[in-house]
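Sequential numbering from 81 applies to the sequence shown in this note's numbering. Backbone N, C-alpha and C define an ideal beta-carbon position, used for all residues, glycine too. Reviewing the structure listed below.
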Amino acid sequence: MTGYVLKRAGDPLRVALDWRRGYLRPDERVASPEGCDVHPARGGDMSLAVTTTDHDDDRTRLTLEGGRAGGVYMLTNRIRTTGGRALCRTIVVRIAPDTPPG
Numbered sequence: 081m082t083g084y085v086l087k088r089a090g091d092p093l094r095v096a097l098d099w100r101r102g103y104l105r106p107d108e109r110v111a112s113p114e115g116c117d118v119h120p121a122r123g124g125d126m127s128l129a130v131t132t133t134d135h136d137d138d139r140t141r142l143t144l145e146g147g148r149a150g151g152v153y154m155l156t157n158r159i160r161t162t163g164g165r166a167l168c169r170t171i172v173v174r175i176a177p178d179t180p181p182g
């Protein structure tokens, strides 16, 4: 997973964040999710929401719904590791602009 995803406003999007790559130590696992925050990158519209979350030893999975066409949001996901560390990572969620019917 890169630090950027593209989503259509009307469609849900399932996102997986792999904590193994560059975040977890070799002996660590994801112990528990600690929450998510979504903020518009340019202020204003708050219509993008995280509607479901789950996790396994190495990743967290989130379902995103909504968002304003053309909008850009910052999504921050936090976890606690089996080593007791609190980690967070932020990705950019861009909502595809509306396209006129062909």
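Less than 6 angstroms between C-beta atoms, sequence neighbours within five positions excluded: which residues of the same chain meet that for E114? In the same chain as E114, and ignoring 5 residues on each side of it, the C-beta atoms closer than 6 angstroms to its own belong to R158, I159 and R160, in chain order.
Starting from the C-beta of E145, find all residues in its chain whose C-beta is less than 6 angstroms away, skip the five residues before and the five after it, and write them out in chain order. If you ignore the 5 residues before and after E145, its C-beta comes within less than 6 angstroms of the C-beta of P92, A129 and T131, all in its own chain and listed in chain order.
Assumed close pair A96, R169 - CB separation to whole angstroms, cut-off 8 angstroms: So it is not a contact: roughly 12 angstroms between Cβ atoms.
Tell me the DSSP secondary structure of S112 in three-state form. Of the three classes helix, strand and coil, the one that applies to S112 here is strand, per DSSP.
Give the straight-line distance between the Cα atoms of V85 and I175, rounded to the nearest whole angstrom. Each residue's CA atom was taken as its position, placing V85 and I175 some 9 angstroms apart.
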